[in-house]
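Structure, as structure tokens:
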């Protein structure tokens, strides 16, 4: 399998200082579009402190600057309910398996375009490693809905109804689910443009697995005021 170097590294957040850096990236990225988010995104929240959450950080190799971040919450890491599941009940066939949700995925203005794709790959690998079969996705924009559908995601409701999500501004969202275990097969069958990057190339700059054995929140001071 070919190997590819990136202009940045990706690693799990391992202490409180890392978490604050991740929060600063969120604040800059979200605040650029919605200034009101600058203050709220700059502080850790309860999801950050949960042992069922893994947070990742991308750092530019040349400057050391943090350029991207995301967090993945999983029901296979001790959590019983995802944030999105506070507002929508997943179908029984999904509740039988581990589920995950990506939130706060962001990159700063001017970051390498591959940062966001690398974060997605990290989320995919993390879900595979932690046996989270279903990725729950709340989405509004039609273009993103089409992109997720091409990846293999499907609405959890037959009528494709929208649901207001409290952790996403109470705006109405379609709720999709992506079968992580079937992604490789789906992408190969569709010759998906993400195929080579996601499963056909080794990226040594992506460090995923230490987060599987993440220390308890209390031990690394992931406290929320």
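Numbering (this note's numbering), first residue to last: 547 to 771. All residues carry an ideal CB built from backbone N, CA and C; glycine is no exception.
Proximity to residue i [Cα-Cα], best of the options
i, options, result
"residue 719", "685, 744 and 637", "685"
"residue 745", "682, 664 and 690", "664"
"residue 735", "752, 697 and 708", "697"
"residue 727", "554, 640, 626 and 581", "640"
"residue 708", "642, 683, 575 and 649", "683"
"residue 631", "667, 694 and 712", "712"
"residue 673", "644, 612 and 634", "644"
"residue 624", "670, 677 and 577", "677"
"residue 552", "627, 704, 694 and 604", "604"
"residue 649", "571, 556, 619 and 662", "619"
"residue 706", "592, 661, 723 and 714", "723"
"residue 729", "592, 612, 666 and 576", "666"
"residue 602", "559, 627, 732 and 653", "559"
"residue 738", "694, 703 and 721", "694"
"residue 704", "637, 577, 716 and 607", "637"
Boundaries (first-last residue) of the beta strand (DSSP E) holding residue i
i, result
"residue 731", "Residue 731 -> not in any beta strand (DSSP E); alpha helix (DSSP H) instead, spanning 729-736."
"residue 647", "645-653"
"residue 628", "Run containing residue 628: none; DSSP gives neither H nor E here."
"residue 725", "717-725"
"residue 752", "Run containing residue 752: none; DSSP gives neither H nor E here."
Which residues DSSP lists as bridging residue i, in chain order
i, result
"residue 612", "605"
"residue 550", "None, per the DSSP bridge assignment."
"residue 682", "647 and 723"
"residue 618", "600 and 648"
"residue 555", "605"
"residue 708", "720"
"residue 662", "In DSSP, residue 662 forms no bridge with anything."
For residue j and residue i, the rounded distance between their alpha carbons
i, j, result
"residue 566", "residue 596", "15 Å"
"residue 609", "residue 700", "40 Å"
"residue 679", "residue 647", "11 Å"
"residue 599", "residue 675", "14 Å"
"residue 655", "residue 581", "14 Å"
"residue 615", "residue 658", "13 Å"
"residue 629", "residue 622", "14 Å"
"residue 688", "residue 670", "22 Å"
"residue 617", "residue 569", "11 Å"
"residue 590", "residue 635", "26 Å"
"residue 740", "residue 692", "14 Å"
"residue 633", "residue 594", "19 Å"
"residue 585", "residue 642", "38 Å"
"residue 626", "residue 592", "15 Å"
"residue 662", "residue 556", "11 Å"
Residue i: first and last residue of the uninterrupted alpha helix (DSSP H) it sits in
i, result
"residue 587", "583-587"
"residue 691", "688-697"
"residue 571", "562-579"
"residue 638", "638-641"
"residue 745", "741-745"
"residue 635", "Neither: residue 635 is in no alpha helix (DSSP H) and is coded neither H nor E."
"residue 748", "Looking at the DSSP string, residue 748 is not in any alpha helix (DSSP H), and its letter there is neither H nor E."
"residue 595", "592-595"
Cβ-heavy atom distance, residue i to the ligand HEM, below 7 Å
i, result
"residue 722", "This structure lacks the ligand HEM; in fact it carries no ligand of any kind."
Cβ-based burial, residue i [other Cβ within 10 Å; buried from 16]
i, result
"residue 748", "exposed"
"residue 755", "exposed"
"residue 550", "exposed"
"residue 681", "buried"
Cutoff 8 Å: residue i Cβ touching any chain C Cβ
i, result
"residue 605", "As a matter of chain content, chain C is missing from the structure shown, which is built from one protein chain."
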